[in-house]
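As numbered in the numbering used here, residues 163 to 638 make up the sequence shown, in order.
Idealized CB from N, CA, C, for every residue including glycine.
Source: prediction; values computed, not measured.
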Amino acid sequence: MKVDLLKNSDASFYKAIEEALATADSAYIGAAYGTYGAFAMLRNPLELFLRRNGKLRTLFDIEKFVTEKRLIEELATIPGDSECKVFINPDAPSQRVPGHYHPKFYLFHNKRSYRVIIGSSNFTVGGIKNNIECSLSLSGKLGDALFQKFQAFFDDLWTAEHSFNVLEQSQLLDAYGDAFRASSKQDDAKYKKLRELRKKIETEASAIIQTKKGVLNTEFAYLLGLISANSKIDLKKRKMVIDLQRGLANKGNPFEGYYYYPDISDYEISQIDAHRKDVQRISENLADLFRHSDSRDVISTNYVGGYHFQIIVTFAKNSPVFEHIRTLRIRRDRTKVVPFIPKEIMQSENTAIVKSFVKGYCDLKSRISASDGMYKTEGSKKIFNSLRMGISIPHNASELLEGFQALLNKIGLTQGVGATDPSRRSRENLIRIDVRHVPYDLLGTHWRRIFLKDFVYYMNSKKRKYKPGKHPQPAP
(Lines of atoms letter the chains of each structure in order from A and count residues from 1; the text may use other names and numbers.)
(Lines give C-alpha, C1' and ligand atoms only; values in the text may rest on other atoms or scores of the structure.)
Protein backbone atom coordinates (compact mmCIF):
# COMPACT_ATOMS: atom_id res chain seq x y z
CA MET A 1 0.00 0.00 0.00
CA LYS A 2 1.22 3.48 -0.86
CA VAL A 3 0.52 6.32 1.58
CA ASP A 4 0.98 10.02 0.79
CA LEU A 5 0.34 13.21 2.76
CA LEU A 6 -1.71 15.78 0.84
CA LYS A 7 -1.85 19.53 1.52
CA ASN A 8 -3.25 22.59 -0.17
CA SER A 9 -0.07 24.60 0.32
CA ASP A 10 1.65 22.61 -2.45
CA ALA A 11 -1.57 21.84 -4.41
CA SER A 12 -0.99 18.11 -3.79
CA PHE A 13 -4.63 17.55 -2.78
CA TYR A 14 -6.02 19.05 -6.00
CA LYS A 15 -3.43 17.19 -8.11
CA ALA A 16 -4.31 13.89 -6.39
CA ILE A 17 -8.02 14.31 -7.26
CA GLU A 18 -7.11 15.23 -10.84
CA GLU A 19 -4.75 12.23 -11.21
CA ALA A 20 -7.27 9.82 -9.68
CA LEU A 21 -10.05 10.93 -12.05
CA ALA A 22 -7.73 10.42 -15.04
CA THR A 23 -7.29 6.68 -14.34
CA ALA A 24 -10.45 5.66 -12.45
CA ASP A 25 -13.56 3.91 -13.72
CA SER A 26 -15.61 4.86 -10.64
CA ALA A 27 -15.51 7.81 -8.23
CA TYR A 28 -17.37 8.20 -4.94
CA ILE A 29 -17.36 11.50 -3.04
CA GLY A 30 -18.74 11.63 0.47
CA ALA A 31 -18.39 15.09 2.00
CA ALA A 32 -20.34 17.10 4.52
CA TYR A 33 -20.28 20.29 2.44
CA GLY A 34 -19.95 21.15 -1.23
CA THR A 35 -19.93 24.34 -3.27
CA TYR A 36 -20.25 25.11 -6.96
CA GLY A 37 -16.82 26.74 -6.90
CA ALA A 38 -15.17 23.37 -6.24
CA PHE A 39 -17.07 21.82 -9.14
CA ALA A 40 -15.98 24.68 -11.41
CA MET A 41 -12.35 24.05 -10.46
CA LEU A 42 -12.66 20.34 -11.32
CA ARG A 43 -15.09 20.67 -14.23
CA ASN A 44 -12.62 19.63 -16.95
CA PRO A 45 -11.29 16.47 -15.26
CA LEU A 46 -14.84 15.54 -14.17
CA GLU A 47 -16.24 15.94 -17.69
CA LEU A 48 -13.36 13.92 -19.20
CA PHE A 49 -13.95 11.23 -16.58
CA LEU A 50 -17.66 11.01 -17.43
CA ARG A 51 -16.98 10.99 -21.19
CA ARG A 52 -14.91 7.85 -20.63
CA ASN A 53 -18.05 6.24 -19.18
CA GLY A 54 -16.87 6.88 -15.64
CA LYS A 55 -19.32 6.38 -12.78
CA LEU A 56 -19.68 9.35 -10.40
CA ARG A 57 -21.60 9.21 -7.12
CA THR A 58 -21.69 12.18 -4.72
CA LEU A 59 -23.37 12.54 -1.32
CA PHE A 60 -23.58 15.81 0.64
CA ASP A 61 -25.21 17.20 3.78
CA ILE A 62 -27.73 20.04 3.38
CA GLU A 63 -28.86 20.48 6.98
CA LYS A 64 -26.26 23.16 7.77
CA PHE A 65 -27.10 25.25 4.67
CA VAL A 66 -23.50 25.22 3.43
CA THR A 67 -23.87 22.94 0.39
CA GLU A 68 -25.07 25.02 -2.56
CA LYS A 69 -28.19 24.14 -4.56
CA ARG A 70 -26.41 25.00 -7.81
CA LEU A 71 -23.76 22.33 -7.13
CA ILE A 72 -26.39 19.68 -6.44
CA GLU A 73 -28.25 20.51 -9.65
CA GLU A 74 -25.04 20.48 -11.70
CA LEU A 75 -23.88 17.10 -10.41
CA ALA A 76 -27.35 15.63 -10.88
CA THR A 77 -27.72 16.80 -14.49
CA ILE A 78 -24.20 16.78 -15.93
CA PRO A 79 -24.01 14.47 -19.00
CA GLY A 80 -22.82 11.00 -18.07
CA ASP A 81 -23.30 8.44 -15.33
CA SER A 82 -23.54 10.91 -12.45
CA GLU A 83 -25.89 10.81 -9.48
CA CYS A 84 -26.06 13.19 -6.55
CA LYS A 85 -27.79 12.54 -3.25
CA VAL A 86 -28.29 14.64 -0.14
CA PHE A 87 -28.36 13.39 3.45
CA ILE A 88 -31.20 14.62 5.67
CA ASN A 89 -32.01 13.66 9.24
CA PRO A 90 -35.83 13.76 9.68
CA ASP A 91 -37.53 15.52 12.58
CA ALA A 92 -39.27 12.39 13.85
CA PRO A 93 -37.24 11.01 16.79
CA SER A 94 -37.89 7.44 15.66
CA GLN A 95 -36.30 8.18 12.28
CA ARG A 96 -33.29 10.23 13.34
CA VAL A 97 -29.75 8.90 13.50
CA PRO A 98 -27.27 10.18 16.11
CA GLY A 99 -25.04 13.09 15.15
CA HIS A 100 -24.54 14.75 11.77
CA TYR A 101 -23.38 13.54 8.38
CA HIS A 102 -19.80 14.85 8.45
CA PRO A 103 -17.31 12.70 6.45
CA LYS A 104 -14.71 13.92 3.94
CA PHE A 105 -13.49 11.12 1.70
CA TYR A 106 -12.92 10.53 -1.99
CA LEU A 107 -12.78 6.95 -3.32
CA PHE A 108 -11.58 6.08 -6.84
CA HIS A 109 -10.97 2.72 -8.48
CA ASN A 110 -10.54 0.92 -11.78
CA LYS A 111 -10.36 -2.81 -12.49
CA ARG A 112 -6.92 -3.21 -10.92
CA SER A 113 -6.37 -0.66 -8.17
CA TYR A 114 -7.99 1.94 -5.95
CA ARG A 115 -7.15 5.20 -4.26
CA VAL A 116 -8.93 6.68 -1.27
CA ILE A 117 -8.29 10.22 -0.05
CA ILE A 118 -9.49 10.96 3.45
CA GLY A 119 -8.90 13.90 5.73
CA SER A 120 -10.22 17.36 6.54
CA SER A 121 -11.12 18.65 3.05
CA ASN A 122 -14.74 19.24 2.11
CA PHE A 123 -15.74 19.55 -1.57
CA THR A 124 -15.37 23.34 -1.46
CA VAL A 125 -12.87 25.83 -2.87
CA GLY A 126 -11.44 26.23 0.62
CA GLY A 127 -11.23 22.48 1.16
CA ILE A 128 -9.61 21.78 -2.20
CA LYS A 129 -7.40 24.83 -2.62
CA ASN A 130 -7.42 27.73 -0.13
CA ASN A 131 -7.63 26.38 3.42
CA ILE A 132 -4.95 24.82 5.59
CA GLU A 133 -6.05 21.19 5.26
CA CYS A 134 -4.45 17.80 5.75
CA SER A 135 -5.42 14.51 4.10
CA LEU A 136 -3.97 11.07 3.45
CA SER A 137 -3.97 9.30 0.10
CA LEU A 138 -4.03 5.50 0.39
CA SER A 139 -3.48 3.39 -2.74
CA GLY A 140 -3.70 -0.37 -3.08
CA LYS A 141 -4.89 -3.32 -5.12
CA LEU A 142 -8.60 -3.57 -5.82
CA GLY A 143 -10.37 -5.93 -3.48
CA ASP A 144 -8.08 -5.69 -0.46
CA ALA A 145 -9.57 -5.35 3.02
CA LEU A 146 -9.31 -1.56 3.23
CA PHE A 147 -11.00 -1.05 -0.14
CA GLN A 148 -13.85 -3.37 0.83
CA LYS A 149 -14.39 -1.45 4.08
CA PHE A 150 -14.53 1.92 2.33
CA GLN A 151 -16.77 0.64 -0.44
CA ALA A 152 -19.13 -0.89 2.12
CA PHE A 153 -19.11 2.33 4.16
CA PHE A 154 -20.11 4.43 1.15
CA ASP A 155 -22.70 1.87 -0.01
CA ASP A 156 -24.34 1.92 3.43
CA LEU A 157 -24.60 5.72 3.30
CA TRP A 158 -25.75 5.75 -0.32
CA THR A 159 -28.56 3.28 0.25
CA ALA A 160 -29.65 4.65 3.65
CA GLU A 161 -33.22 5.91 3.95
CA HIS A 162 -31.80 9.30 4.91
CA SER A 163 -30.10 9.71 1.50
CA PHE A 164 -32.35 11.29 -1.13
CA ASN A 165 -31.84 11.42 -4.90
CA VAL A 166 -32.45 15.04 -5.83
CA LEU A 167 -33.74 14.28 -9.34
CA GLU A 168 -36.35 11.95 -7.92
CA GLN A 169 -37.30 14.45 -5.18
CA SER A 170 -37.47 17.79 -7.02
CA GLN A 171 -39.80 19.29 -4.41
CA LEU A 172 -37.13 18.60 -1.81
CA LEU A 173 -34.56 20.56 -3.80
CA ASP A 174 -36.98 23.48 -4.26
CA ALA A 175 -37.66 23.55 -0.51
CA TYR A 176 -33.93 23.51 0.15
CA GLY A 177 -33.40 26.42 -2.24
CA ASP A 178 -35.96 28.53 -0.36
CA ALA A 179 -34.48 27.59 3.01
CA PHE A 180 -30.93 28.27 1.78
CA ARG A 181 -31.86 31.80 0.69
CA ALA A 182 -33.64 32.53 3.98
CA SER A 183 -30.70 31.18 5.94
CA SER A 184 -28.30 33.33 3.92
CA LYS A 185 -30.20 36.50 4.86
CA GLN A 186 -30.10 35.59 8.55
CA ASP A 187 -26.45 34.67 8.25
CA ASP A 188 -25.61 38.06 6.74
CA ALA A 189 -26.69 39.84 9.94
CA LYS A 190 -25.06 37.25 12.15
CA TYR A 191 -21.79 37.22 10.21
CA LYS A 192 -21.61 41.01 10.16
CA LYS A 193 -21.42 40.94 13.96
CA LEU A 194 -19.01 38.01 13.87
CA ARG A 195 -16.81 39.83 11.37
CA GLU A 196 -16.56 42.77 13.77
CA LEU A 197 -15.51 40.45 16.58
CA ARG A 198 -13.17 38.56 14.28
CA LYS A 199 -11.50 41.83 13.29
CA LYS A 200 -10.53 42.40 16.92
CA ILE A 201 -9.06 38.90 17.12
CA GLU A 202 -7.17 39.38 13.86
CA THR A 203 -5.77 42.72 15.07
CA GLU A 204 -4.52 41.07 18.26
CA ALA A 205 -3.06 38.15 16.30
CA SER A 206 -1.34 40.57 13.94
CA ALA A 207 0.27 42.34 16.89
CA ILE A 208 1.52 39.03 18.29
CA ILE A 209 2.94 37.99 14.92
CA GLN A 210 4.65 41.36 14.56
CA THR A 211 6.15 40.91 18.03
CA LYS A 212 7.55 37.53 16.98
CA LYS A 213 9.24 39.15 14.01
CA GLY A 214 10.89 41.70 16.29
CA VAL A 215 14.20 40.92 17.94
CA LEU A 216 12.98 41.06 21.52
CA ASN A 217 10.02 38.71 21.61
CA THR A 218 8.92 36.01 24.03
CA GLU A 219 10.98 33.34 22.25
CA PHE A 220 14.16 35.43 22.33
CA ALA A 221 13.52 36.34 25.98
CA TYR A 222 13.32 32.61 26.76
CA LEU A 223 16.71 32.12 25.08
CA LEU A 224 18.18 34.97 27.15
CA GLY A 225 16.93 33.23 30.29
CA LEU A 226 18.73 30.03 29.27
CA ILE A 227 21.91 31.97 28.43
CA SER A 228 21.90 33.73 31.79
CA ALA A 229 21.25 30.53 33.72
CA ASN A 230 24.01 28.22 32.49
CA SER A 231 25.76 28.66 29.17
CA LYS A 232 29.01 29.25 27.34
CA ILE A 233 29.38 31.47 24.27
CA ASP A 234 32.29 31.58 21.85
CA LEU A 235 31.77 34.66 19.68
CA LYS A 236 34.61 33.83 17.31
CA LYS A 237 33.31 30.35 16.58
CA ARG A 238 29.70 31.60 16.61
CA LYS A 239 28.80 28.80 18.98
CA MET A 240 26.76 28.60 22.18
CA VAL A 241 26.55 25.68 24.61
CA ILE A 242 23.67 25.46 27.09
CA ASP A 243 24.40 23.07 29.95
CA LEU A 244 21.75 21.00 31.72
CA GLN A 245 23.76 19.54 34.56
CA ARG A 246 21.48 17.93 37.08
CA GLY A 247 18.45 15.71 37.13
CA LEU A 248 15.55 18.10 36.83
CA ALA A 249 12.83 15.50 37.22
CA ASN A 250 11.77 14.69 40.77
CA LYS A 251 13.24 11.67 42.42
CA GLY A 252 12.73 10.39 45.93
CA ASN A 253 15.58 9.06 48.05
CA PRO A 254 14.27 6.34 50.35
CA PHE A 255 17.65 5.99 52.06
CA GLU A 256 17.28 9.48 53.49
CA GLY A 257 13.67 8.79 54.44
CA TYR A 258 12.34 11.43 52.06
CA TYR A 259 9.86 10.73 49.29
CA TYR A 260 8.32 13.10 46.79
CA TYR A 261 4.82 11.85 46.14
CA PRO A 262 4.46 10.67 43.47
CA ASP A 263 8.00 9.67 42.56
CA ILE A 264 9.32 9.81 39.00
CA SER A 265 9.22 5.99 39.04
CA ASP A 266 5.43 6.16 39.34
CA TYR A 267 5.36 7.22 35.68
CA GLU A 268 7.26 4.17 34.41
CA ILE A 269 10.00 6.39 33.04
CA SER A 270 13.59 6.53 34.17
CA GLN A 271 15.19 9.67 35.54
CA ILE A 272 17.53 9.88 32.56
CA ASP A 273 14.72 9.48 30.02
CA ALA A 274 12.71 12.19 31.74
CA HIS A 275 15.77 14.42 31.51
CA ARG A 276 16.12 13.64 27.78
CA LYS A 277 12.53 14.76 27.26
CA ASP A 278 13.34 18.06 28.95
CA VAL A 279 16.34 18.52 26.65
CA GLN A 280 14.08 17.85 23.66
CA ARG A 281 11.47 20.34 24.91
CA ILE A 282 14.01 23.13 25.36
CA SER A 283 15.50 22.39 21.93
CA GLU A 284 12.04 22.66 20.34
CA ASN A 285 11.50 26.05 21.99
CA LEU A 286 14.77 27.30 20.49
CA ALA A 287 13.88 25.87 17.08
CA ASP A 288 10.68 27.97 17.13
CA LEU A 289 12.75 31.11 17.71
CA PHE A 290 15.14 30.39 14.84
CA ARG A 291 12.31 29.49 12.47
CA HIS A 292 10.34 32.65 13.22
CA SER A 293 13.52 34.73 12.88
CA ASP A 294 14.20 33.27 9.42
CA SER A 295 17.55 32.16 10.78
CA ARG A 296 19.39 29.01 9.74
CA ASP A 297 21.02 28.38 13.08
CA VAL A 298 21.69 24.71 13.82
CA ILE A 299 20.75 22.94 17.07
CA SER A 300 22.43 19.73 18.24
CA THR A 301 22.61 17.90 21.56
CA ASN A 302 25.40 16.13 23.40
CA TYR A 303 25.18 13.66 26.28
CA VAL A 304 28.15 14.28 28.56
CA GLY A 305 27.34 11.68 31.21
CA GLY A 306 25.30 11.27 34.36
CA TYR A 307 22.53 13.87 34.15
CA HIS A 308 24.70 16.27 32.16
CA PHE A 309 23.39 17.17 28.71
CA GLN A 310 24.37 19.98 26.39
CA ILE A 311 22.32 21.85 23.80
CA ILE A 312 24.72 23.25 21.20
CA VAL A 313 23.74 26.09 18.89
CA THR A 314 25.89 26.92 15.87
CA PHE A 315 24.84 30.30 14.54
CA ALA A 316 24.52 30.88 10.81
CA LYS A 317 26.59 33.55 9.05
CA ASN A 318 23.79 36.12 8.91
CA SER A 319 21.91 35.03 12.04
CA PRO A 320 19.80 37.92 13.43
CA VAL A 321 19.69 36.11 16.78
CA PHE A 322 23.48 35.97 17.03
CA GLU A 323 23.86 39.59 15.96
CA HIS A 324 21.53 40.71 18.74
CA ILE A 325 23.36 38.57 21.30
CA ARG A 326 26.58 40.35 20.29
CA THR A 327 25.03 43.73 21.08
CA LEU A 328 24.24 42.69 24.67
CA ARG A 329 27.91 42.79 25.73
CA ILE A 330 27.44 39.73 27.88
CA ARG A 331 30.06 39.32 30.62
CA ARG A 332 31.94 36.05 30.41
CA ASP A 333 34.55 34.24 32.44
CA ARG A 334 36.49 32.82 29.50
CA THR A 335 33.49 31.47 27.58
CA LYS A 336 31.26 30.89 30.62
CA VAL A 337 28.45 33.46 30.79
CA VAL A 338 28.16 35.34 34.07
CA PRO A 339 24.45 35.24 35.09
CA PHE A 340 22.75 38.54 34.27
CA ILE A 341 19.44 40.24 33.53
CA PRO A 342 19.51 42.15 30.22
CA LYS A 343 18.57 45.83 30.52
CA GLU A 344 15.83 45.43 27.90
CA ILE A 345 14.23 42.67 30.00
CA MET A 346 14.47 44.68 33.22
CA GLN A 347 12.94 47.74 31.54
CA SER A 348 10.25 45.88 29.61
CA GLU A 349 6.62 46.53 30.47
CA ASN A 350 5.55 43.46 28.50
CA THR A 351 4.81 40.84 31.16
CA ALA A 352 4.85 38.02 28.58
CA ILE A 353 8.46 38.87 27.65
CA VAL A 354 9.53 39.15 31.30
CA LYS A 355 7.81 35.87 32.10
CA SER A 356 9.55 34.12 29.20
CA PHE A 357 12.97 35.23 30.48
CA VAL A 358 12.14 33.94 33.96
CA LYS A 359 10.89 30.69 32.44
CA GLY A 360 14.14 30.16 30.53
CA TYR A 361 16.18 30.75 33.67
CA CYS A 362 13.97 28.51 35.79
CA ASP A 363 14.15 25.67 33.27
CA LEU A 364 17.84 25.35 34.13
CA LYS A 365 18.22 26.84 37.60
CA SER A 366 15.22 25.92 39.70
CA ARG A 367 14.23 22.91 41.72
CA ILE A 368 11.41 21.71 43.93
CA SER A 369 12.12 21.02 47.59
CA ALA A 370 10.18 20.36 50.74
CA SER A 371 9.56 23.09 53.26
CA ASP A 372 11.49 22.37 56.44
CA GLY A 373 9.59 20.18 58.87
CA MET A 374 6.43 20.16 56.80
CA TYR A 375 5.79 16.47 56.44
CA LYS A 376 3.84 13.58 57.86
CA THR A 377 4.84 9.95 58.20
CA GLU A 378 2.96 7.20 56.36
CA GLY A 379 4.56 3.83 57.00
CA SER A 380 8.29 4.21 56.47
CA LYS A 381 8.00 7.26 54.20
CA LYS A 382 7.81 10.93 54.94
CA ILE A 383 5.17 12.63 52.81
CA PHE A 384 5.64 16.39 52.52
CA ASN A 385 2.66 18.64 53.11
CA SER A 386 4.24 21.76 51.62
CA LEU A 387 6.59 22.31 48.72
CA ARG A 388 8.48 25.27 47.38
CA MET A 389 10.39 26.12 44.25
CA GLY A 390 13.93 27.34 44.69
CA ILE A 391 15.52 29.55 42.01
CA SER A 392 19.29 29.32 42.23
CA ILE A 393 21.29 32.58 42.17
CA PRO A 394 25.12 32.74 42.50
CA HIS A 395 26.11 33.47 46.12
CA ASN A 396 28.02 36.66 45.25
CA ALA A 397 25.38 38.18 42.94
CA SER A 398 23.25 40.34 45.23
CA GLU A 399 22.33 42.69 42.36
CA LEU A 400 21.08 39.74 40.32
CA LEU A 401 19.10 38.49 43.32
CA GLU A 402 17.38 41.85 43.75
CA GLY A 403 16.78 42.16 40.01
CA PHE A 404 15.20 38.73 39.81
CA GLN A 405 12.85 39.54 42.66
CA ALA A 406 11.86 42.71 40.78
CA LEU A 407 11.07 40.61 37.69
CA LEU A 408 8.87 38.32 39.79
CA ASN A 409 7.00 41.39 41.05
CA LYS A 410 6.49 42.52 37.45
CA ILE A 411 4.70 39.31 36.57
CA GLY A 412 2.57 39.47 39.71
CA LEU A 413 4.43 36.82 41.70
CA THR A 414 4.57 38.40 45.15
CA GLN A 415 2.90 35.92 47.51
CA GLY A 416 4.94 33.21 49.20
CA VAL A 417 8.26 34.63 47.93
CA GLY A 418 11.37 34.80 50.08
CA ALA A 419 15.13 34.71 49.63
CA THR A 420 18.17 33.51 51.51
CA ASP A 421 20.46 36.13 52.97
CA PRO A 422 22.77 37.31 50.14
CA SER A 423 25.53 37.94 52.68
CA ARG A 424 25.80 34.24 53.45
CA ARG A 425 28.96 32.67 52.07
CA SER A 426 27.17 29.63 50.67
CA ARG A 427 27.55 28.01 47.28
CA GLU A 428 24.35 29.67 46.09
CA ASN A 429 21.46 31.82 47.19
CA LEU A 430 17.88 30.82 46.61
CA ILE A 431 14.69 32.66 45.88
CA ARG A 432 12.10 30.43 47.50
CA ILE A 433 8.48 30.41 46.38
CA ASP A 434 5.55 28.41 47.72
CA VAL A 435 4.61 26.26 44.72
CA ARG A 436 0.94 27.05 45.25
CA HIS A 437 1.63 30.59 44.01
CA VAL A 438 3.87 29.71 41.06
CA PRO A 439 2.27 30.02 37.59
CA TYR A 440 2.08 26.66 35.87
CA ASP A 441 4.43 27.57 33.02
CA LEU A 442 7.19 28.67 35.41
CA LEU A 443 7.40 25.41 37.28
CA GLY A 444 10.23 24.20 35.10
CA THR A 445 10.29 20.87 33.39
CA HIS A 446 7.34 18.99 31.99
CA TRP A 447 7.80 16.15 34.46
CA ARG A 448 7.99 18.51 37.40
CA ARG A 449 4.65 20.02 36.40
CA ILE A 450 3.03 16.60 36.25
CA PHE A 451 4.48 15.83 39.66
CA LEU A 452 3.04 19.01 41.15
CA LYS A 453 -0.36 18.38 39.61
CA ASP A 454 -0.40 15.04 41.36
CA PHE A 455 0.89 16.56 44.59
CA VAL A 456 -2.10 18.91 44.62
CA TYR A 457 -4.32 15.93 43.86
CA TYR A 458 -2.81 14.14 46.84
CA MET A 459 -3.29 17.09 49.16
CA ASN A 460 -6.93 17.48 48.15
CA SER A 461 -7.63 13.78 48.34
CA LYS A 462 -6.52 13.60 51.99
CA LYS A 463 -9.85 15.20 52.80
CA ARG A 464 -11.52 12.26 51.06
CA LYS A 465 -9.77 9.63 53.20
CA TYR A 466 -7.02 9.08 50.66
CA LYS A 467 -5.33 5.68 50.93
CA PRO A 468 -1.56 5.51 50.33
CA GLY A 469 -0.62 3.35 47.37
CA LYS A 470 -3.62 4.41 45.28
CA HIS A 471 -1.65 6.50 42.82
CA PRO A 472 -3.57 9.00 40.71
CA GLN A 473 -3.17 8.56 36.98
CA PRO A 474 -0.32 10.65 35.53
CA ALA A 475 -1.38 13.63 33.47
CA PRO A 476 -1.22 13.13 29.70
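Looking at the backbone, the Cα of VAL597 and that of TYR384 are separated by about 21 Å. For the pair ASN591 and ILE555, the CB atoms are nearer than the 7 Å cut-off. Here ILE179 has LEU204, PRO207, TYR268, ILE279 and ILE290 as same chain residues with Cβ atoms under 8 Å from its own Cβ, once five neighbours each way along the sequence are excluded. Rounded to the nearest angstrom, the Cβ distance from LEU569 to VAL516 is 6 Å, consistent with a contact under 8 Å.
TRP320 and SER171 have their C-alpha atoms some 32 Å from each other. The three-state reading of DSSP puts SER457 in coil, since its state is none of H, G, I, E or B. Looking at the DSSP output, GLY578 shares a beta bridge with no other residue. The beta carbons of LYS266 and ALA189 sit no closer together than 7 Å. Counting along the chain, ARG232 sits inside the alpha helix (DSSP H) bounded by residues 231-239. When DSSP states are grouped into helix, strand and coil, ASN571 belongs to the helix group. Following the DSSP letters along the chain, one finds ASP317 inside the alpha helix (DSSP H) bounded by residues 307-321. For ARG213, the enclosing alpha helix (DSSP H) stretches over residues 198-213. Residue range 380-391 is occupied by the alpha helix (DSSP H) that includes GLU381. Here LEU168 is not near SER325, since their CB atoms are 7 Å or more apart.
The C-alpha of LYS399 lies about 16 Å from the C-alpha of ILE492. SER554 is bridged by DSSP to LEU592. Taking 7 Å as the cut-off, the beta carbon of GLU245 is found no closer than this to the beta carbon of ARG213.
Judged by beta-carbon spacing, LYS273 lies beyond the 7 Å limit of ASP243, meaning their Cβ atoms are not closer than that value. With contacts defined by Cβ atoms closer than 7 Å, ASP459 and VAL475 form a contacting pair. Among the bridge pairs identified by DSSP, LYS505 is matched with none. Excluding five sequence positions before and after TYR198, the CB atoms of its chain that fall closer than 7 Å to its own CB belong to GLU230, ARG232, LEU233 and GLU236, given in chain order. Between VAL287 and ALA200, the CB-CB gap stays under 7 Å. Here the C-alpha atom of LYS479 lies approximately 14 Å from the C-alpha atom of MET402. Straight across, the Cα-Cα distance linking LEU386 with PHE519 is about 6 Å. Cβ-Cβ separation between SER275 and SER301: approximately 7 Å, consistent with a contact (criterion under 8 Å). Leaving aside the five residues that flank ALA182 on each side, the residues in its chain whose CB is nearer than 6 Å to its CB run, in chain order, PHE270 and ARG277. Around ASP456, the same chain offers PRO482 as residues with beta carbons nearer than 8 Å, after the five sequence neighbours per side are excluded. Around the C-beta of ILE224, 16 or more other C-beta atoms lie within 10 Å, and the residue is accordingly described as buried. In the three-state reduction of the DSSP assignment, SER301 falls in the strand class, which pools E and B. Between GLY578 and ILE595, the C-beta spacing is below 7 Å.
According to the DSSP assignment, ALA182 belongs to the alpha helix (DSSP H) that extends over 174-185. The C-beta distance from ALA391 to LEU526 rounds to 4 Å, short enough to meet the 8 Å contact threshold. In the DSSP assignment, HIS486 falls within the alpha helix (DSSP H) that extends over 482-489.
Taken atom to atom, the span from the alpha-carbon of ILE444 to that of HIS470 is near 14 Å. Look at ILE279 here: in three-state DSSP terms it is strand. Comparing alpha carbon positions, the residue from GLY467, ASN327 and LYS521 closest to THR239 is ASN327.
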